[in-house]
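In the working numbering, the protein residues as written are 153 to 312.
For reference, the structure is listed below as C-alpha coordinates.
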Amino acid sequence: LSTDELSNTSRFLSSGSSVVQSPALPWEVIERVIDLCSNDKTALRGVALTCIQLYPRSRFVLFTNVKLRSANQLMKFYDAVQAQPHLQPVVQSLSFPWGIVPSPQLLSILPGLHHVTFNKISSAIGQLPQSALHSGLRSLTIRDARFQSPAAFFRFLSAF
(Lines of atoms letter the chains of each structure in order from A; the text may use other names.)
(Lines give C-alpha, C1' and ligand atoms only; values in the text may rest on other atoms or scores of the structure.)
Protein backbone atom coordinates (compact mmCIF):
# COMPACT_ATOMS: atom_id res chain seq x y z
CA LEU A 153 0.00 0.00 0.00
CA SER A 154 1.17 3.51 -0.71
CA THR A 155 1.53 6.13 2.03
CA ASP A 156 -1.60 7.89 0.76
CA GLU A 157 -3.61 4.66 0.98
CA LEU A 158 -2.30 3.99 4.50
CA SER A 159 -3.16 7.54 5.53
CA ASN A 160 -6.66 7.24 4.11
CA THR A 161 -7.13 3.87 5.81
CA SER A 162 -6.03 5.19 9.19
CA ARG A 163 -8.34 8.23 8.84
CA PHE A 164 -11.23 5.90 7.96
CA LEU A 165 -10.55 3.63 10.92
CA SER A 166 -10.15 6.49 13.38
CA SER A 167 -13.36 8.16 12.22
CA GLY A 168 -15.38 5.28 13.65
CA SER A 169 -17.37 5.07 10.44
CA SER A 170 -19.40 1.92 9.94
CA VAL A 171 -19.64 2.37 6.18
CA VAL A 172 -18.61 -0.77 4.31
CA GLN A 173 -16.03 -0.11 1.63
CA SER A 174 -14.93 -2.29 -1.24
CA PRO A 175 -11.75 -4.26 -0.60
CA ALA A 176 -8.42 -2.79 -1.66
CA LEU A 177 -7.57 -5.91 -3.68
CA PRO A 178 -9.06 -6.52 -7.13
CA TRP A 179 -11.96 -9.01 -7.11
CA GLU A 180 -10.01 -11.36 -9.39
CA VAL A 181 -7.33 -11.70 -6.70
CA ILE A 182 -9.90 -12.27 -3.97
CA GLU A 183 -11.70 -14.92 -6.06
CA ARG A 184 -8.39 -16.67 -6.75
CA VAL A 185 -7.62 -16.77 -3.02
CA ILE A 186 -11.05 -18.31 -2.40
CA ASP A 187 -10.40 -20.86 -5.15
CA LEU A 188 -7.08 -21.79 -3.53
CA CYS A 189 -8.97 -22.58 -0.31
CA SER A 190 -10.98 -25.30 -2.08
CA ASN A 191 -9.43 -28.11 0.01
CA ASP A 192 -10.07 -26.33 3.31
CA LYS A 193 -13.83 -26.43 3.83
CA THR A 194 -13.58 -24.80 7.27
CA ALA A 195 -11.73 -21.82 5.79
CA LEU A 196 -14.27 -21.56 2.96
CA ARG A 197 -17.17 -21.53 5.40
CA GLY A 198 -15.36 -18.83 7.38
CA VAL A 199 -14.79 -16.74 4.26
CA ALA A 200 -18.45 -17.14 3.29
CA LEU A 201 -19.52 -15.76 6.68
CA THR A 202 -17.02 -12.89 6.64
CA CYS A 203 -18.68 -10.71 4.04
CA ILE A 204 -21.85 -10.93 1.98
CA GLN A 205 -19.82 -10.12 -1.13
CA LEU A 206 -17.61 -13.18 -0.58
CA TYR A 207 -20.51 -15.56 0.06
CA PRO A 208 -21.43 -16.41 -3.57
CA ARG A 209 -17.90 -17.36 -4.64
CA SER A 210 -17.27 -19.31 -1.42
CA ARG A 211 -20.53 -21.22 -1.85
CA PHE A 212 -19.66 -21.97 -5.48
CA VAL A 213 -16.28 -23.42 -4.48
CA LEU A 214 -17.84 -25.38 -1.58
CA PHE A 215 -20.35 -27.06 -3.90
CA THR A 216 -18.06 -27.76 -6.87
CA ASN A 217 -16.30 -30.78 -5.31
CA VAL A 218 -18.37 -32.43 -2.59
CA LYS A 219 -16.93 -35.09 -0.26
CA LEU A 220 -19.51 -36.86 1.88
CA ARG A 221 -18.45 -39.07 4.78
CA SER A 222 -21.74 -40.05 6.40
CA ALA A 223 -25.40 -40.64 5.69
CA ASN A 224 -26.17 -37.51 7.71
CA GLN A 225 -23.92 -35.40 5.46
CA LEU A 226 -25.59 -36.93 2.41
CA MET A 227 -29.04 -35.99 3.70
CA LYS A 228 -27.94 -32.41 4.46
CA PHE A 229 -26.34 -32.08 1.04
CA TYR A 230 -29.45 -33.42 -0.69
CA ASP A 231 -31.66 -31.01 1.28
CA ALA A 232 -29.36 -28.09 0.39
CA VAL A 233 -29.39 -28.73 -3.37
CA GLN A 234 -33.14 -29.35 -3.30
CA ALA A 235 -33.77 -26.09 -1.43
CA GLN A 236 -31.37 -24.12 -3.64
CA PRO A 237 -31.74 -25.47 -7.20
CA HIS A 238 -29.22 -22.94 -8.55
CA LEU A 239 -26.53 -25.04 -6.80
CA GLN A 240 -27.43 -28.23 -8.69
CA PRO A 241 -25.44 -27.47 -11.87
CA VAL A 242 -22.47 -26.31 -9.78
CA VAL A 243 -21.70 -29.81 -8.43
CA GLN A 244 -19.02 -31.38 -10.64
CA SER A 245 -17.55 -34.02 -8.37
CA LEU A 246 -19.14 -36.19 -5.69
CA SER A 247 -17.30 -38.55 -3.35
CA PHE A 248 -18.87 -40.91 -0.82
CA PRO A 249 -18.32 -44.27 0.89
CA TRP A 250 -19.85 -47.24 -0.90
CA GLY A 251 -22.28 -47.95 1.94
CA ILE A 252 -23.82 -44.50 1.53
CA VAL A 253 -25.21 -44.78 -1.96
CA PRO A 254 -27.17 -41.65 -2.85
CA SER A 255 -30.73 -41.81 -4.04
CA PRO A 256 -31.39 -41.85 -7.79
CA GLN A 257 -33.10 -38.47 -7.40
CA LEU A 258 -29.88 -36.86 -6.16
CA LEU A 259 -27.74 -37.91 -9.09
CA SER A 260 -30.47 -37.06 -11.57
CA ILE A 261 -30.70 -33.43 -10.38
CA LEU A 262 -26.96 -32.78 -10.73
CA PRO A 263 -26.51 -32.02 -14.44
CA GLY A 264 -22.92 -30.81 -13.98
CA LEU A 265 -21.79 -34.00 -12.22
CA HIS A 266 -18.86 -35.44 -14.18
CA HIS A 267 -16.86 -37.31 -11.57
CA VAL A 268 -17.90 -39.80 -8.90
CA THR A 269 -15.61 -41.39 -6.33
CA PHE A 270 -16.59 -44.54 -4.47
CA ASN A 271 -14.63 -45.19 -1.28
CA LYS A 272 -14.26 -48.56 0.47
CA ILE A 273 -16.18 -50.88 -1.82
CA SER A 274 -16.62 -54.22 -0.09
CA SER A 275 -15.93 -57.53 -1.78
CA ALA A 276 -19.61 -58.44 -1.57
CA ILE A 277 -20.99 -55.59 -3.63
CA GLY A 278 -23.77 -57.60 -5.21
CA GLN A 279 -25.89 -55.67 -7.68
CA LEU A 280 -24.85 -52.12 -8.35
CA PRO A 281 -27.66 -49.85 -7.20
CA GLN A 282 -29.50 -48.00 -9.95
CA SER A 283 -28.65 -44.78 -8.13
CA ALA A 284 -25.03 -45.18 -9.16
CA LEU A 285 -25.91 -44.91 -12.84
CA HIS A 286 -25.30 -41.50 -14.33
CA SER A 287 -24.85 -40.92 -18.04
CA GLY A 288 -22.97 -37.61 -17.74
CA LEU A 289 -20.00 -39.09 -15.90
CA ARG A 290 -16.61 -38.54 -17.49
CA SER A 291 -14.53 -40.18 -14.78
CA LEU A 292 -14.95 -42.66 -11.98
CA THR A 293 -12.55 -43.19 -9.08
CA ILE A 294 -12.63 -46.34 -7.01
CA ARG A 295 -10.66 -46.33 -3.74
CA ASP A 296 -9.99 -49.16 -1.32
CA ALA A 297 -12.01 -51.69 -3.30
CA ARG A 298 -11.99 -55.46 -3.29
CA PHE A 299 -13.75 -57.47 -5.96
CA GLN A 300 -14.30 -61.22 -5.74
CA SER A 301 -13.29 -61.73 -9.35
CA PRO A 302 -12.45 -59.87 -12.55
CA ALA A 303 -16.02 -60.58 -13.68
CA ALA A 304 -17.40 -58.76 -10.62
CA PHE A 305 -15.16 -55.80 -11.41
CA PHE A 306 -16.31 -55.70 -15.05
CA ARG A 307 -19.96 -55.96 -13.95
CA PHE A 308 -19.37 -52.95 -11.73
CA LEU A 309 -17.76 -50.95 -14.54
CA SER A 310 -20.44 -51.87 -17.06
CA ALA A 311 -23.02 -49.98 -14.99
CA PHE A 312 -21.35 -46.78 -16.12
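All C-beta atoms, glycine included, are put in the ideal place defined by N, C-alpha and C.
Start-to-end residues for the alpha helix (DSSP H) that takes in residue i
i      : result
Asn224 : Ala223 to Ala235
Leu201 : Lys193 to Thr202
Phe306 : Pro302 to Ser310
Val185 : Trp179 to Leu188
Boundaries (first-last residue) of the beta strand (DSSP E) holding residue i
i      : result
Pro249 : Ser245 to Pro249
Arg295 : Ser291 to Arg295
Phe270 : His267 to Asn271
Val213 : From DSSP, Val213 is part of no beta strand (DSSP E) but of the alpha helix (DSSP H) over Tyr207 to Thr216.
Span separating the alpha-carbon of residue i from that of residue j
i      : j      : result
Arg298 : Ser222 : 21 Å
Phe305 : Ile294 : 11 Å
Val268 : Leu177 : 36 Å
Thr394 : Leu239 : Residue numbering for the chain in the displayed model covers 153 to 312; residue 394 lies beyond these limits and cannot be assessed.
Val185 : Arg211 : 14 Å
Asp192 : Ser301 : 38 Å
Ile273 : Leu289 : 19 Å
Glu157 : Val181 : With a pLDDT of 44 at Glu157, under the threshold of 50, the modelled position of this residue cannot be trusted, and the question is left open.
Integer Cβ distance of residue i from residue j, believed to fall under 8 Å
i      : j      : result
Leu226 : Ile252 : 5 Å
Trp250 : Asn271 : 7 Å
Gly264 : Pro237 : Gly264 to Pro237, Cβ: 12 Å. No contact.
Three Cβ pairs or more, each shorter than 8 Å: is that satisfied between the segment 242 to 249 and the segment 205 to 222?
yes
Okay, do the segment 219 to 239 and the segment 199 to 210 touch, 3+ Cβ pairs below 8 Å being the bar?
No contact exists between the segment 219 to 239 and the segment 199 to 210.
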